[in-house]
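Visitor: Chains as they are written, first to last, in this note's numbering: chain A, 2 to 320; chain B, 3 to 311; chain C, 429 to 722. Just so it is clear, CB atoms sit at the ideal spot from N, CA and C, and this is done for glycine as well.
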Amino acid sequence: MTALLHAESLRKSYQVGRRSLFRKARRFNAVDGVSLTLERGETLGIVGESGCGKSTLSRLVLGLSPCDEGGVVFDGTPLPGQDTEAWRRLRRRVQLIYQDAAGALDPRQTIRTQIEEPLRIHGLPLERAQKAMADVGLVPAMGSRHPFELSGGQLQRVVIARALTLNPDLIVMDEPVSALDVSIQAQIVNLIQDLQRDRGLAYLFVTHDLSVLRHVSDRVAVMYLGEVVEEAPRDAFFDGALHPYARALLEAVPVPDPARRSRAAPRIGDPPNPAAPPPACRFHPRCPFATDVCRAERPALRDFGGRRAACHRVEELSQ
Amino acid sequence: MTWISLKLLRALVTMWLVLTFVFFVLRLSGDPTMVLLPDDVDQATRDFYRAKWGLDLPLWEQYTSYLRALLQGDFGVSFRNNLDAFQVVWERVPKTALLGLASIAVALLIGMPLGVLAAVYRNSWLDRIVMSIAVFGFSMPNFFLGILLILIFSLKLRVLPSSGSGTWQHLIMPAATLGTGFAAQIARYTRSSMIEVLSKAYMRTARSKGASLGQRVVRHALPNASVPVVTVLGIKIGEMLGWAVVTETVFAWPGIGRLLTSAVATRDLAVVQCIMIILAFTMVMANMLVDLIYGWLDPRVRVGRRAQA
Amino acid sequence: MSVIDSVGPGRTRRWLAGLSQLPVVVICAMCFMALMLFVAAFAQLVQPYAFDHVDLMNRMTPPVPLSGATWTHPLGTDTLGRDLLSRLLVAAQTSMLLSILGTVLGAVMGIALGFVAAHKGGLWDEVIMGLVDFQAAMPWFIIALAILAFMGNSMVIFIGIMALYGWETYARITRGLVLSAREQGYALAVRGLGGKPSRVYVHHILPNIAGPLIVQLTINFPSTILFETSLSFLGLGIRPPMTSLGQMLGDGRDYLINAWWLAVIPGMVIFLTTLSMSVLGDWLRIKLDPSLET
Numbered sequence: 002m003t004a005l006l007h008a009e010s011l012r013k014s015y016q017v018g019r020r021s022l023f024r025k026a027r028r029f030n031a032v033d034g035v036s037l038t039l040e041r042g043e044t045l046g047i048v049g050e051s052g053c054g055k056s057t058l059s060r061l062v063l064g065l066s067p068c069d070e071g072g073v074v075f076d077g078t079p080l081p082g083q084d085t086e087a088w089r090r091l092r093r094r095v096q097l098i099y100q101d102a103a104g105a106l107d108p109r110q111t112i113r114t115q116i117e118e119p120l121r122i123h124g125l126p127l128e129r130a131q132k133a134m135a136d137v138g139l140v141p142a143m144g145s146r147h148p149f150e151l152s153g154g155q156l157q158r159v160v161i162a163r164a165l166t167l168n169p170d171l172i173v174m175d176e177p178v179s180a181l182d183v184s185i186q187a188q189i190v191n192l193i194q195d196l197q198r199d200r201g202l203a204y205l206f207v208t209h210d211l212s213v214l215r216h217v218s219d220r221v222a223v224m225y226l227g228e229v230v231e232e233a234p235r236d237a238f239f240d241g242a243l244h245p246y247a248r249a250l251l252e253a254v255p256v257p258d259p260a261r262r263s264r265a266a267p268r269i270g271d272p273p274n275p276a277a278p279p280p281a282c283r284f285h286p287r288c289p290f291a292t293d294v295c296r297a298e299r300p301a302l303r304d305f306g307g308r309r310a311a312c313h314r315v316e317e318l319s320q
Numbered sequence: 003m004t005w006i007s008l009k010l011l012r013a014l015v016t017m018w019l020v021l022t023f024v025f026f027v028l029r030l031s032g033d034p035t036m037v038l039l040p041d042d043v044d045q046a047t048r049d050f051y052r053a054k055w056g057l058d059l060p061l062w063e064q065y066t067s068y069l070r071a072l073l074q075g076d077f078g079v080s081f082r083n084n085l086d087a088f089q090v091v092w093e094r095v096p097k098t099a100l101l102g103l104a105s106i107a108v109a110l111l112i113g114m115p116l117g118v119l120a121a122v123y124r125n126s127w128l129d130r131i132v133m134s135i136a137v138f139g140f141s142m143p144n145f146f147l148g149i150l151l152i153l154i155f156s157l158k159l160r161v162l163p164s165s166g167s168g169t170w171q172h173l174i175m176p177a178a179t180l181g182t183g184f185a186a187q188i189a190r191y192t193r194s195s196m197i198e199v200l201s202k203a204y205m206r207t208a209r210s211k212g213a214s215l216g217q218r219v220v221r222h223a224l225p226n227a228s229v230p231v232v233t234v235l236g237i238k239i240g241e242m243l244g245w246a247v248v249t250e251t252v253f254a255w256p257g258i259g260r261l262l263t264s265a266v267a268t269r270d271l272a273v274v275q276c277i278m279i280i281l282a283f284t285m286v287m288a289n290m291l292v293d294l295i296y297g298w299l300d301p302r303v304r305v306g307r308r309a310q311a
Numbered sequence: 429m430s431v432i433d434s435v436g437p438g439r440t441r442r443w444l445a446g447l448s449q450l451p452v453v454v455i456c457a458m459c460f461m462a463l464m465l466f467v468a469a470f471a472q473l474v475q476p477y478a479f480d481h482v483d484l485m486n487r488m489t490p491p492v493p494l495s496g497a498t499w500t501h502p503l504g505t506d507t508l509g510r511d512l513l514s515r516l517l518v519a520a521q522t523s524m525l526l527s528i529l530g531t532v533l534g535a536v537m538g539i540a541l542g543f544v545a546a547h548k549g550g551l552w553d554e555v556i557m558g559l560v561d562f563q564a565a566m567p568w569f570i571i572a573l574a575i576l577a578f579m580g581n582s583m584v585i586f587i588g589i590m591a592l593y594g595w596e597t598y599a600r601i602t603r604g605l606v607l608s609a610r611e612q613g614y615a616l617a618v619r620g621l622g623g624k625p626s627r628v629y630v631h632h633i634l635p636n637i638a639g640p641l642i643v644q645l646t647i648n649f650p651s652t653i654l655f656e657t658s659l660s661f662l663g664l665g666i667r668p669p670m671t672s673l674g675q676m677l678g679d680g681r682d683y684l685i686n687a688w689w690l691a692v693i694p695g696m697v698i699f700l701t702t703l704s705m706s707v708l709g710d711w712l713r714i715k716l717d718p719s720l721e722t
């Protein structure tokens, strides 16, 4: 059986600044050669600092913006061209949920109208909206309210319910809980997991927060300046990352028990400007283990028995 | 530099579009020989005049020869009296210019001080009264204002002449009529522009230096606040030309507007065409000047004006 | 569904309470515009005489407070003995309907072109915005004068000219509003749900940008009325046997010496209409965007 989603060498660059007569516009690669695979019912967590291209990647995977190079195969078929009829039909199977739930809702329409909207668009029975609302824990009375009358957690439930009405196979979650209070975060994370169990959903879960990923993901991919630098099953990853950047991220997660706190957390400073990434290994200026080869040669993503990492010095460092 | 030539090019294109528009509107609106010649004229005479005015040529040739003639400064002859159309119109220009300048003077002399007062004493009763007057001022149709002025000053009080243009007394009512609406608009723009300037840091600096209120307003605030006001005035030139036609008609002021209404009534094609071209030219030039001054004063305008529009 | 919620007695009471907090001027303006709209709709039902009924025995009788007036013609009669009140009602109806039609057509055209410019971008955008600049750079009143004079007295042409007056402001505003609304999360979300662009524009963006457009409509309406009345005043818009406020005023101008009311009464109606609309437009604008109240 084919994977639900397979993306191959995705590349996307944006223009920076204005083009003038004498100067070619500079471009920066938001996503630079990323490949990933997602099985049915699986959650792949993608983690990285802000500006590493995770949000761009999620839009590419959904076909919401076109990629410059590479391609995405969803359930055995390549993604159709933007805004075609087939592309619109595909929206029934893939959905996006992102951080700003309040912005994703029309301020002038009632909650019920908006949850029913995908059903109207695709000509599906409106009763599904009731079930979706119940599934995310919204009482029917909420339906007649407007977005400004709801709390942040409730709004995110509305957005999730709206996506659920279409019975999608894949939902991309782009920082779905980052804007919420910690107590609400837990509720929404639990809801997301329950929905996956009940409906067999696959998630691409994009976040900068490793502690959330530890909760929800089956596999974890780490992005740095537009590239995937490490990818591993969850338990293996949290037991010990291979790439120095992934290690630094893990070290930076606050640990509740002071005894387990690492004494020598590597300090890696601020990320470089993504518009002018360093040559060779992009992490070398911040890497405490960088050698000449790191400054000269770009490391490939290599296989290490069920996990992959892009670092010249994996073997030496894991000893 | 490229920015200025872009503006020039834009003005040229606009002008060409106006010329084309004028040509097609006037030529497609019927056969002038039907309108101008008596009904009982025979076909041969009709054809003679058609040939004489070039009306028998294909439309395209008429259009190119029209453009060629305009480029050479030839605006055709008045169908009515066979005089050079441009001459006929040009004679009237000084009167309209006089009226226009007098009205702008009225608008500035009344509008700016009122706007400044309203801004300085913002939210006071004075502000409210000035702004109420302003609403009245620009809601007042100027043909109606003109008629009210004639009723009061010419017919009841008998202090001002109701029509003509001989003396300076003749100018008072037309200038007041045309200027009032603009005075109201200028009062509004001055007020909001002054309020913005008064809140700037350099106004606080001036205050801390011990400058009096009058000095601060006149020396520091007004020069900065008047820039947008003047540009607004430039943009409103076209509106003003339209109103001038009405005002000149009400007061029988012998300017271009009055000529236009009579030429339109007698369907004097060449004269109407000439007037429209001259007025359009004035307007395009005014708009371009405003753009240039604005861009010169505020470099931000030069880049991406469209982007933020 | 939501319609049923909104018609409870509670809503009505709240609405009335809101009304009592309005400035007196705004209430007066609203009442006058309501009256004008009523006249625009029902002038024929309330007019005491046919507006063109000639009664040569009763020529130029003055309106009521003046000596020599009778209650049979409360506003007096004109030079042909036609009842001024009836004529005023019909004239106001004509002027209102024309201005409403012109404003609405212009707004629809401008808004549609603004949407097209924003949606298509590229060459479409350039051409439409070029037309906008062109329209703004033309002395439209004077061109309208020439068109009406040479193309003749046709209602269709007159309405077309009125519609072309002011469309460019709507196009410019709509384009800007659509461009920014389109990047809002809710618009992107509907696209992500599989909605067609038309759905995004009609169901989501249009309702969300309607506020500023309505304000622009109220701001433009007085100038449209003035545009119509000025052209009719010059004898080029509405011509006899039809009548409009501008045409009545233009006719009355010839009798200022012995029957000033023939000009002043229709003039007052025009003035009060534009004044009321300006007051309402200002009030709406500040209500919708409080940052403008400097």
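#1: Residues in the same chain with beta-carbon distance under 8 Å from residue 85 of chain B, minus the five sequence neighbours each way, listed in chain order, please.
#2: Please name the residue or residues paired with residue 46 of chain A in a DSSP beta bridge.
#3: Might you give, ordered along the chain, the residues of its own chain that have their beta carbon closer than 7 Å to the beta carbon of residue 709 of chain C, omitting 5 neighbours on each side?
#4: Using only the alpha-carbon positions, how far apart do residue 256 of chain B and residue 167 of chain B sit?
#5: Determine the DSSP secondary structure at residue 171 of chain A, reduced to helix, strand or coil.
#6: For residue 153 of chain B and residue 56 of chain B, I'd like the C-alpha separation in whole angstroms.
#7: What separation, rounded to the nearest whole angstrom, lies between the Cα atoms of residue 34 of chain A and residue 294 of chain A?
#8: Between residue 188 of chain B and chain C, is there a C-beta pair that is closer than 9 Å?
#9: Check each candidate in A:95, A:222, A:116 and name the one with the smallest Cα separation from residue 148 of chain A.
#10: Give me the DSSP bridge partner(s) of residue 14 of chain A.
#11: To the nearest angstrom, how far is the alpha carbon of residue 71 of chain A from that of residue 61 of chain A?
#12: If you follow the beta strand (DSSP E) that residue 227 of chain A is in, where does it begin and where does it stop?
#13: Taking the beta strand (DSSP E) that residue 71 of chain A falls in, what are its first and last residues?
#14: Report the three-state DSSP secondary structure of residue 210 of chain B (helix, strand or coil).
#15: By the criterion of Cβ-Cβ separation under 8 Å, what are the contact partners of residue 170 of chain A in chain C?
#16: Can you check whether the C-beta of residue 617 of chain C is within less than 9 Å of a C-beta belonging to chain A?
#17: Distance cutoff 9 Å, beta carbons only. Does residue 662 of chain C sit that close to anything in chain B?
#18: Can you give me the Cβ contacts of residue 173 of chain B inside the same chain, cut-off strictly under 8 Å, excluding the 5 residues immediately before and after it?
#19: Determine the closest residue to residue 140 of chain A out of A:158, A:250, A:153, with distance taken between C-alpha atoms.
#20: Residue 562 of chain C versus chain B: which residues are under 7 Å apart at the beta carbon?
#21: Which residue from B:4, B:51, B:9 puts its Cα closest to that of residue 289 of chain B?
#22: Between the segment 93 to 109 of chain A and the segment 162 to 181 of chain A, do at least 3 Cβ pairs fall closer than 8 Å?
#23: Measure from the C-beta of residue 629 of chain C to each C-beta in chain A and report whether the shortest distance is under 9 Å.
#24: Going along chain C, which residues have a C-beta under 8 Å from residue 96 of chain B?
#25: So if DSSP puts residue 97 of chain A in a beta bridge, which residue, or which two residues, is it bridged to?
#26: Give me whichever residues DSSP pairs with residue 7 of chain A in a beta bridge.
#27: Where does residue 584 of chain C fall in DSSP's three states?
#28: Note the first and the last residue of the continuous alpha helix (DSSP H) segment covering residue 149 of chain A.
#29: Drop a sphere of 10 angstroms on the beta-carbon of residue 127 of chain A, count the other beta-carbons inside from all chains shown, and report buried for 16 or more, exposed for fewer.
#30: Using the Cα positions of residue 561 of chain C and residue 552 of chain C, report the straight-line distance between them to the nearest angstrom.
#31: Flag residue 107 of chain A as yes if its beta-carbon sits less than 9 Å from any beta-carbon of chain C, otherwise no.
#32: If you follow the alpha helix (DSSP H) that residue 97 of chain B is in, where does it begin and where does it stop?
#33: Which residues in chain C sit within 7 Å of residue 282 of chain B, going by Cβ to Cβ distance?
#34: Going straight from the alpha carbon of residue 659 of chain C to that of residue 105 of chain A, what length do you get?
#35: Going by C-alpha distance, which of B:199, B:164, B:159, B:260 is nearest residue 117 of chain B?
#36: Going along the chain, which residues of its own chain have a beta-carbon closer than 8 Å to the beta-carbon of residue 510 of chain C, five neighbours each way excluded?
Guide: Let's see:
#1: Cβ within range, chain order: 79.
#2: A:206, A:221
#3: 643, 646, 647
#4: 7 Å
#5: Strand.
#6: 48 Å
#7: CA-CA distance, residue 34 of chain A to residue 294 of chain A, rounds to 21 Å.
#8: Proximity of residue 188 of chain B to chain C, defined by a Cβ-Cβ separation below 9 Å, is not satisfied.
#9: A:116
#10: A:30
#11: Approximately 10 Å, taken between the alpha carbons.
#12: Counting along the chain, residue 227 of chain A falls outside any beta strand (DSSP E), and DSSP gives it neither H nor E.
#13: Per DSSP, residue 71 of chain A belongs to the beta strand (DSSP E) from 70 to 75.
#14: helix
#15: In chain order: nothing, as chain C lies at least about 14 Å away.
#16: For residue 617 of chain C, the answer is yes, since a Cβ of chain A falls inside 9 Å of its Cβ.
#17: Contacts with chain B at 9 Å (Cβ-Cβ) include residue 662 of chain C.
#18: Excluding sequence neighbours, residue 173 of chain B sits near 100, 101, 104, 167.
#19: A:158
#20: 16, 19
#21: For residue 289 of chain B, the nearest C-alpha among the options comes from B:9.
#22: yes
#23: no
#24: Those do not exist, as residue 96 of chain B stays about 19 Å from chain C at its closest Cβ, beyond 8 Å.
#25: DSSP lists A:173 as partners of residue 97 of chain A.
#26: Residue 7 of chain A is bridged by DSSP to A:38, A:74.
#27: When DSSP states are grouped into helix, strand and coil, residue 584 of chain C belongs to the helix group.
#28: Neither: residue 149 of chain A is in no alpha helix (DSSP H) and is coded neither H nor E.
#29: exposed
#30: If you take the alpha carbons of residue 561 of chain C and residue 552 of chain C, they lie about 14 Å apart.
#31: Chain C, which has a Cβ nearer than 9 Å to the Cβ of residue 107 of chain A, makes this yes.
#32: 87 to 122
#33: Those within 7 Å of residue 282 of chain B in chain C are 566, 567.
#34: Answer to the nearest angstrom: the Cα atoms are 49 Å apart.
#35: Restricting attention to B:199, B:164, B:159, B:260, the CA atom closest to the CA of residue 117 of chain B is found in B:199.
#36: 477, 479, 480, 481, 482, 483
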